[in-house]
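Asker:
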Amino acid sequence: MYILPIRVQRIWLAVDAGLVQQILGQRDWFKVPSAPAQWPGVIAWNGRAVAVLDLPLLLRFPPLQPGIASHRTLVAKARGCLLAIPVEEVREAAVIAEGLVRPIHATRPVYASHELELDDMVMPLLDVGLVVAETLERSNVGSRGIGSSEQRTR
Amino acid sequence: MTKNQNAEQTYVVFQSESGPMGVSAADIWYILPAATSVGSAEGVLADDVPAAEEARLVVLTDRGGEESAPLIVRGVLSMITVDPSQVAPLPPLCISPGGSSVGVALAEDRVLFLIVDPYRLSEARAALSPMAHSKESA
Chain A
1 MYILPIRVQR IWLAVDAGLV QQILGQRDWF KVPSAPAQWP GVIAWNGRAV
51 AVLDLPLLLR FPPLQPGIAS HRTLVAKARG CLLAIPVEEV REAAVIAEGL
101 VRPIHATRPV YASHELELDD MVMPLLDVGL VVAETLERSN VGSRGIGSSE
151 QRTR
Chain B
1 MTKNQNAEQT YVVFQSESGP MGVSAADIWY ILPAATSVGS AEGVLADDVP
51 AAEEARLVVL TDRGGEESAP LIVRGVLSMI TVDPSQVAPL PPLCISPGGS
101 SVGVALAEDR VLFLIVDPYR LSEARAALSP MAHSKESA
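Read top to bottom, the protein sequences are chains A and B. For the first sequence, position 83 (counting from the first letter as 1) is numbered 83 according to our numbering, and the numbering increases by one without interruption. For the second sequence, position 69 (counting from the first letter as 1) is numbered 69 according to our numbering, and the numbering increases by one without interruption.
#1: To the nearest angstrom, how far is the alpha carbon of Ser24 (chain B) from that of Ala69 (chain B)?
#2: At which residues does the alpha helix (DSSP H) containing Pro56 (chain A) begin and terminate?
#3: Could you tell me how far apart the beta carbons of Leu71 (chain B) and Leu112 (chain B) are, in whole angstroms, since I believe they sit closer than 8 angstroms?
#4: Would DSSP call Gly41 (chain A) helix, strand or coil?
#5: Can you pull the chain A neighbours of Gly22 (chain B), defined as C-beta to C-beta under 8 angstroms?
#6: For the structure I just gave you, are there three or more beta carbon pairs, one from the region 92-106 of chain A and one from the region 1-15 of chain A, closer than 8 angstroms?
#7: Using a Cβ-Cβ distance cut-off of 8 angstroms, determine whether Gly75 (chain B) contacts chain A.
#8: Per the contact definition of three or more C-beta pairs closer than 8 angstroms, is the region 32-39 of chain A in contact with the region 95-115 of chain B?
#9: Report yes if the C-beta distance between Ala49 (chain A) and Val104 (chain B) is below 8 angstroms; otherwise report no.
#10: Taking Cβ positions only, does Pro33 (chain A) come closer than 8 angstroms to chain B?
#11: Among A:His105, A:His114, A:Glu89, which has the Cα closest to the Cα of Glu98 (chain A)?
#12: How about Pro118 (chain B): is its C-beta nearer than 8 angstroms to some C-beta of chain A?
#13: In three-state terms, what does DSSP make of Ser40 (chain B)?
#14: Assign Val44 (chain B) to one of two classes, buried (16 or more other C-beta atoms within 10 Å of its C-beta) or exposed (fewer than that).
#15: Residues of chain A with CB under 9 angstroms from Val111 (chain B), in chain order?
#16: Quick check on Val73 (chain B): does DSSP put it in helix, strand or coil?
#17: Looking at chain B, which residues of the region 73-90 of chain A have a Cβ within less than 8 angstroms of any of its Cβ atoms?
#18: Can you pull out the residues from the region 82-104 of chain B whose beta carbon lies closer than 9 angstroms to at least one beta carbon of chain A?
#19: Is the region 75-84 of chain B touching the region 121-128 of chain A in the sense that three or more CB pairs, one from each, lie closer than 8 angstroms?
#20: According to DSSP, what are the bridge partners of His114 (chain A)?
#21: Taking the alpha-carbon positions, what's the Gln9 (chain A) to Val87 (chain A) distance?
#22: Counting only the same chain and skipping the five closest in sequence on each side, list residues whose C-beta sits under 6 angstroms from that of Met121 (chain A).
#23: For Tyr119 (chain B), which residues from the same chain have a beta carbon less than 8 angstroms from its beta carbon, with the 5 sequence-adjacent residues on both sides left out?
#24: Using DSSP bridges, identify the partner residues of Ile68 (chain A).
#25: Say whether chain B places a C-beta atom closer than 8 angstroms to the C-beta of Pro36 (chain A).
#26: List, in chain order, every chain A residue whose beta-carbon is nearer than 9 angstroms to that of Leu71 (chain B).
#27: So with CB distances below 9 angstroms, who are the chain A contacts of Leu60 (chain B)?
#28: According to the neighbour-count rule (16 or more other Cβ atoms, all chains shown, within 10 Å of its Cβ), is Val100 (chain A) buried or exposed?
#29: Identify, in the order they occur along the chain, each residue of the same chain with its Cβ nearer than 8 angstroms to the Cβ of Pro92 (chain B), setting aside the five sequence neighbours on each side.
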């Protein structure tokens, strides 16, 4: 599989390169009040508003701040949703043999069930689809209301 | 009569803490230059009231026969007309229950302003206002 190594603060992660639509340079994002904390705002991209993922927040670093743009922004697509991921650094895509992607063991499992080794670094493989799915599931539960008899399933 | 989907849309844009917000001009009945009207209007928010000389009272059109609380906004108001192609819905990932943001006005790869539903915004603000709490507790 093709992966794209990205750096957030001091953490290196890998993203499935097949999900990435474009790598943008420094890009300001626009805060949306009342948006979920992990999706604090939007960027404009190809005539659309694309949700910004606060990856530092998920990794327990200080959250993104409006007006402070990261060096790069990935635009990715998962579960039918476009998302923008501000990061500090992106390295060139690399091919990883499927057998070298193994269940998570040495890294912090934040939205990652697998990890891989690249250039002597072990990095978690970020499951972007899981982040999106969880948010959509939460918002569906919320919109069904407190009295709903449907149970959240995992 | 059907609404012309290709018609340009005009928004009244004001500043909020998070950036510029726009309300469809079609939802606005009139705007008062507010210093005196702020004090006399009922149901307006008491928190977050800007300096009187900067405040504007936005009175909304009647929607569905129900009267909604007017909005108080701050600073300079501007009227911005955009092409429908410049208006994008808010991504589902950014939507939370009770939120008032519904869309975004774009210009190329830049966000111009956030489009809000003024009725939901006024409800949310009124619910937060000390005036509303004091009415509830009375």
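A virtual CB, placed ideally from N, CA and C, is assigned to each residue, including glycine.
Answerer: So, from the data block:
#1: As a first step, residue 24 (chain B) must be located in the second sequence, where it is residue number 24. As a first step, residue 69 (chain B) must be located in the second sequence, where it is residue number 69. The straight-line gap from Cα to Cα measures roughly 16 angstroms.
#2: The count along the first sequence starts at 1 and reaches residue 56 (chain A) at position 56. Segment 55-58, the alpha helix (DSSP H) holding Pro56 (chain A).
#3: For the purposes of this step, residue 71 (chain B) is taken as residue 71 along the second sequence, with counting starting at 1. For the purposes of this step, residue 112 (chain B) is taken as residue 112 along the second sequence, with counting starting at 1. In fact, because the Cβ distance is near 20 angstroms, the residues do not count as touching under 8 angstroms.
#4: Against the first sequence, residue 41 (chain A) aligns to sequence position 41. Gly41 (chain A) falls in the strand class under three-state DSSP.
#5: Looking up residue 22 (chain B) in the second sequence gives position 22. Within 8 angstroms Cβ-Cβ: nothing; Gly22 (chain B) doesn't reach chain A, min ~12 angstroms.
#6: Counting Cβ pairs under 8 angstroms, three or more are found: they touch.
#7: Here residue 75 (chain B) corresponds to residue number 75 of the second sequence, with the count starting at 1. Chain A, which has no Cβ nearer than 8 angstroms to the Cβ of Gly75 (chain B), makes this no.
#8: Touching, per the Cβ criterion.
#9: Within the first sequence, numbered from 1, the residue matching residue 49 (chain A) stands at position 49. Within the second sequence, numbered from 1, the residue matching residue 104 (chain B) stands at position 104. When the beta-carbon positions are compared, Ala49 (chain A) and Val104 (chain B) come within less than 8 angstroms of each other.
#10: As a first step, residue 33 (chain A) is located in the first sequence; it is residue number 33 there, counting from the start. Pro33 (chain A) counts as touching chain B.
#11: Taking the first residue of the first sequence as 1, we reach residue 98 (chain A) at position 98. Here the closest residue by C-alpha is A:His114.
#12: Position 118 of the second sequence, counting from 1, holds the residue named residue 118 (chain B). No, its Cβ sits nowhere closer than 8 angstroms to a Cβ of chain A.
#13: Taking the first residue of the second sequence as 1, we reach residue 40 (chain B) at position 40. Residue confidence is low: Ser40 (chain B) scores 41 on pLDDT, short of 50, so the model does not pin down where it sits. No coordinate-derived value is stated.
#14: Counted from its first residue, the second sequence places residue 44 (chain B) at position 44. Note on Val44 (chain B): pLDDT 42, under 50, position unreliable in the model; the coordinate value appears next. So Val44 (chain B) ends up on the buried side.
#15: Counting from one through the second sequence, the residue named residue 111 (chain B) turns up at place 111. Think of a sphere of 9 angstroms around the beta carbon of Val111 (chain B): the chain A residues whose beta carbon falls inside it are Asp28, Trp29, Phe30, Gly41, Val42, Ile43, Ala44, Ala49, in chain order.
#16: Stepping through the second sequence from its first residue, residue 73 (chain B) is reached at position 73. Of the three classes helix, strand and coil, the one that applies to Val73 (chain B) here is strand, per DSSP.
#17: For the region 73-90 of chain A, the beta-carbon criterion of a distance under 8 angstroms to any beta-carbon of chain B is satisfied by Cys81, Leu82, Leu83.
#18: For the region 82-104 of chain B, the set of residues with a beta-carbon nearer than 9 angstroms to any beta-carbon of chain A comprises Ser85, Gln86, Ala88, Pro89, Leu90, Pro91, Pro92, Leu93, Cys94, Ile95, Ser96, Pro97, Gly98, Gly99, Ser100, Ser101, Gly103, Val104, in chain order.
#19: Short answer: they don't touch.
#20: Here residue 114 (chain A) refers to the residue found at position 114 when the first sequence is read from its first residue. Per DSSP, A:Pro103, A:Leu125.
#21: The residue labelled residue 9 (chain A) in the question sits at position 9 within the first sequence. The residue labelled residue 87 (chain A) in the question sits at position 87 within the first sequence. Within the model, the alpha-carbon separation for Gln9 (chain A) versus Val87 (chain A) is close to 8 angstroms.
#22: Locating residue 121 (chain A) in the first sequence gives position 121, where the first residue counts as 1. Taken in chain order, the residues that qualify are Trp12.
#23: Translated into positions along the second sequence, residue 119 (chain B) becomes position 119. Once the five neighbours on either side are set aside, the close Cβ partners of Tyr119 (chain B) are Asp27, Leu60, Arg63, Ser68.
#24: As a first step, residue 68 (chain A) is located in the first sequence; it is residue number 68 there, counting from the start. Partner(s): none; Ile68 (chain A) has no beta bridge.
#25: What you label residue 36 (chain A) is simply residue 36 of the first sequence in a count that begins at 1. Yes - at least one Cβ of chain B is within 8 angstroms of the one on Pro36 (chain A).
#26: Along the second sequence, read from residue 1 onward, the residue named residue 71 (chain B) stands at position 71. Result: empty, since nearest Cβ-Cβ is about 14 angstroms, beyond 9 angstroms.
#27: Your numbering for residue 60 (chain B) matches position 60 in the second sequence. Within chain A, no residue comes near Leu60 (chain B); the closest Cβ sits about 19 angstroms away, beyond 9 angstroms.
#28: In the first sequence, residue 100 (chain A) corresponds to position 100, counting from 1. Per the sequence presented here, residue 100 (chain A) reads as Leu, with Val not at that position. It is exposed - the Cβ of Leu100 (chain A) has fewer than 16 other Cβ atoms within 10 Å.
#29: Counting from one through the second sequence, the residue named residue 92 (chain B) turns up at place 92. For Pro92 (chain B), where only same-chain residues beyond five positions count, there are no Cβ hits under 8 angstroms.
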